[in-house]
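Student:
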Amino acid sequence: MSDTVSRLLLHAAGSVWLVDAARAVMFRSVAWGELQPGSVDHVDLDACWALRQGRTFVASDVRSLRCAHDETSDGSTTCVPLVSRDDTLGVLSLHRPSPGTPVVQEQRLLRVVAEQLALALVNIRLRGALEQQSIRDPLTGLFNRRFLEQAFALEVHRAERTGKPLAAIMLDVDHFKPFNDTHGHEAGDAVLRAVGHVLTTSVRSGDIACRFGGEEFMLLLPGADEASALARAEVVRVAIADETSSIEGRTLPGVTASLGVAVATGPRIDAAKLTRAADEAPYAAKRSGRDRVSVAAFT
Numbered sequence: 067m068s069d070t071v072s073r074l075l076l077h078a079a080g081s082v083w084l085v086d087a088a089r090a091v092m093f094r095s096v097a098w099g100e101l102q103p104g105s106v107d108h109v110d111l112d113a114c115w116a117l118r119q120g121r122t123f124v125a126s127d128v129r130s131l132r133c134a135h136d137e138t139s140d141g142s143t144t145c146v147p148l149v150s151r152d153d154t155l156g157v158l159s160l161h162r163p164s165p166g167t168p169v170v171q172e173q174r175l176l177r178v179v180a181e182q183l184a185l186a187l188v189n190i191r192l193r194g195a196l197e198q199q200s201i202r203d204p205l206t207g208l209f210n211r212r213f214l215e216q217a218f219a220l221e222v223h224r225a226e227r228t229g230k231p232l233a234a235i236m237l238d239v240d241h242f243k244p245f246n247d248t249h250g251h252e253a254g255d256a257v258l259r260a261v262g263h264v265l266t267t268s269v270r271s272g273d274i275a276c277r278f279g280g281e282e283f284m285l286l287l288p289g290a291d292e293a294s295a296l297a298r299a300e301v302v303r304v305a306i307a308d309e310t311s312s313i314e315g316r317t318l319p320g321v322t323a324s325l326g327v328a329v330a331t332g333p334r335i336d337a338a339k340l341t342r343a344a345d346e347a348p349y350a351a352k353r354s355g356r357d358r359v360s361v362a363a364f365t
């Protein structure tokens, strides 16, 4: 992108800044030319005059106001908002060593480049959103089984290559069908969302939490031995028992879960056997009284 923009704009130095609406900042995505990235890598949205005014802003000389992301002190800098419909995506910032306002032809070219950049960013976001939809469970926001299968293959390969263990935890919500029948499907969905929230907040950044299907969930814990996996499963079990959920202002009865742990290590790991072992372990926990963790006899 930077090479293309540089050629189109007669090799002017510049940068592209992207809006992070959740944090109300924009961050530098790419920079090119003689303008090397400085100490500023993100700024508040209102610190850019182009965004504040909603139009192209030119700092034509040393006496001009400059945006917080513009660390130059001489020459001219032009900032063009990257806008698609009513959505502001970022800013295209161009710097020239000589002072002055860009001529009409250059301003027109800048607008065209900004429009094309905005269109490209929208397409990238759309592809990312579609990909997320294809690998995410819409109810819980966790990864789905399709993603789990892909991740499992990658983690098995990594474990075989590094010699580190790979742990799988299968979780099954206790008495879920009777709960659903008694309180309704909306209540059941609320419970599944609550379990998804627990898994999202109770795991390490490197762990992979998925909805396996129905009321079953799976955690992949790369590098975790049996003791670590057991400890993690116990944390999740307690958190689910303590979690509350509600619908339409009505607090629902709490639920518990039975969990099974299976750990594999060695130069050859059978992913299917590891999954089956983890899948069978919760049933041992249920036979022992539910709301507990069971370890699979897996070799």
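For the sequence shown, the positions run 67 to 365 when this note's numbering is used.
Where a beta carbon is used, it is the ideal one built from N, C-alpha and C, also for glycine.
Small disclaimer: the values here were computed from a predicted structure and weren't measured.
With DSSP as the reference, please indicate the residues paired to residue 143 in a beta bridge.
Tutor: Answer is 125, 161, bridged to residue 143.
Student: Quick one: Cα of residue 174 to Cα of residue 195, how far?
Tutor: If you take the alpha carbons of residue 174 and residue 195, they lie about 32 Å apart.
Student: If you draw a straight line from the C-alpha of residue 252 to the C-alpha of residue 219, how long is it?
Tutor: Their Cα atoms are separated by approximately 34 Å.
Student: Which whole-angstrom value describes the C-beta separation of residue 40 and residue 155, a residue pair presumed to lie in contact below a C-beta threshold of 8 Å?
Tutor: Since the first residue of the chain shown is 67 and the last is 365, residue 40 is not available in this structure.
Student: Touching or not, the segment 218-233 and the segment 300-307, by the rule of three or more beta carbon pairs under 8 Å?
Tutor: Because the criterion of three Cβ pairs below 8 Å is not met, the segment 218-233 and the segment 300-307 do not touch.
Student: Tell me where the beta strand (DSSP E) around residue 94 begins and ends.
Tutor: Unbroken beta strand (DSSP E) run through residue 94: 91-98.
Student: Could you give the DSSP three-state label for residue 293: helix, strand or coil?
Tutor: Three-state result, residue 293: helix.
Student: What are the start and end residues of the beta strand (DSSP E) that includes residue 279?
Tutor: From DSSP, the beta strand (DSSP E) with residue 279 extends over 274-279.
Student: Just the Cα atoms here: how many angstroms apart are residue 341 and residue 200?
Tutor: Each residue's Cα considered, the two are about 22 Å apart.
Student: Between the beta-carbon of residue 334 and the beta-carbon of residue 221, is there less than 8 Å?
Tutor: No, the pair does not count as a contact, with Cβ atoms beyond the cut-off.
Student: Which of the three DSSP states, helix, strand or coil, is assigned to residue 156?
Tutor: The answer is strand: DSSP assigns residue 156 an E or B state.
Student: Using a threshold of 8 Å, state whether the C-beta atoms of residue 239 and residue 350 are closer than that.
Tutor: For residue 239 and residue 350, no; Cβs fall outside 8 Å.
Student: Just reading off the beta strand (DSSP E) that residue 82 is part of, what are its end residues?
Tutor: From DSSP, the beta strand (DSSP E) with residue 82 extends over 79-86.
Student: Quick one: what does DSSP say residue 108 is sitting in, helix, strand or coil?
Tutor: Strand.
Student: Between the Cα of residue 332 and those of 360, 255, 223, 344, spot the shortest distance and give me the residue it belongs to.
Tutor: When only C-alpha atoms are compared, the closest one is 223.
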